[in-house]
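Trainee: Take this structure, written in structure tokens, and hold onto it; I'll ask about it next.
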Amino acid sequence: MTDLHDHEPIPFFWEAGGDKCPHGPEPDRNSPEAEAWWERHSGSPQDVYICLDAPAGACCPACTEEHGATVSWAFCQNRQHARAFQPSRPRQHQPVTVDVAGLECLERECEEYFTDDGDEIPGKTTCSHVQELEICGGCSDEPTASNEFPAVVAWADCAERKTEAVQR
670 MTDLHDHEPI PFFWEAGGDK CPHGPEPDRN SPEAEAWWER HSGSPQDVYI
720 CLDAPAGACC PACTEEHGAT VSWAFCQNRQ HARAFQPSRP RQHQPVTVDV
770 AGLECLEREC EEYFTDDGDE IPGKTTCSHV QELEICGGCS DEPTASNEFP
820 AVVAWADCAE RKTEAVQR
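Each residue of the sequence shown is one higher than the last, beginning at 670 in our numbering.
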């Protein structure tokens, strides 16, 4: 079972009976539809009942608890993120090197960018937490204005690269 204090992706679901729930509001508990409705919903009166047919995607339980609102896994402050890259047009299946680190490091908020007095260290361009990763420029999503840390596919996992290797 996932600890809700861990920064790990877990599936989140929309609220039962809400706008995203395809089953509509909870029927009267004595009605014939009630049993079928409850088979697709879970939760407890202390929390929120969720609809098992309305996934909200992967979220970070620790960030969600900390912020009091659902935080998508893509925006978890403690996960590793790939710094946005600018793929060539047209996008080709070729290796692209990106920096990978926690958001704190990529946004230059890591303690290594500052002196003990809190002053920014002049000329410091990266911290020790940043690592390079080769991704596929064709398989990986492009950064957008709303998501500068898009989903990426490691170069080793590029489907086209694997297909070409098998055909040889």
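Ideal Cβ positions, reconstructed from N, Cα and C, are used throughout, including at glycine.
#1: For the putative contact between Val691 and Ala723, defined by C-beta atoms under 8 Å, what is the C-beta separation to the nearest angstrom?
#2: Between Ala820 and Ile679, what straight-line distance do the alpha-carbon atoms span, to the nearest angstrom?
#3: Which value, in whole angstroms, describes the spacing of the CA atoms of Asp688 and Ile719?
#4: Give me, in chain order, the residues of the same chain whose beta-carbon lies closer than 7 Å to that of Val822; leave out the 5 immediate sequence neighbours on both sides.
#5: Could you pull out every residue in the same chain whose Cβ sits closer than 7 Å to the Cβ of Phe682, ignoring the five residues on either side in sequence?
#6: On the three-state DSSP scale, how would you describe Cys805?
#7: Decide if Val740 is buried, meaning its Cβ has at least 16 other Cβ atoms within 10 Å, or exposed.
#8: Beta-carbon separation of Gly771 and His736 under 8 Å?
#9: What are the residues that DSSP puts in a beta bridge with Thr795?
#10: Between the Cα of Glu776 and those of Gln746, Thr766, Cys728 and Glu734, spot the shortest distance and give me the residue it belongs to.
#11: Have a look at Glu702, Thr766, Ala685 and Pro701 and flag the residue whose alpha-carbon is nearest the alpha-carbon of His710.
Mentor: From the atom records:
#1: As written in the sequence, residue 691 is Pro, which differs from the Val given in the question. Yes, Pro691 and Ala723 are in contact; Cβ-Cβ is about 7 Å, under 8 Å.
#2: 16 Å
#3: Between Asp688 and Ile719, the C-alpha separation is close to 12 Å.
#4: Ile804, Cys805, Cys808 and Ser809
#5: Ile719, Cys720, Leu721, Ala723, Pro724 and Ala725
#6: strand
#7: buried
#8: Cβ atoms of Gly771 and His736: not closer than 8 Å.
#9: According to DSSP, which records beta bridges pairwise, Thr795 is partnered with nothing at all.
#10: Nearest of Gln746, Thr766, Cys728 and Glu734 to Glu776, Cα basis: Gln746.
#11: Ala685
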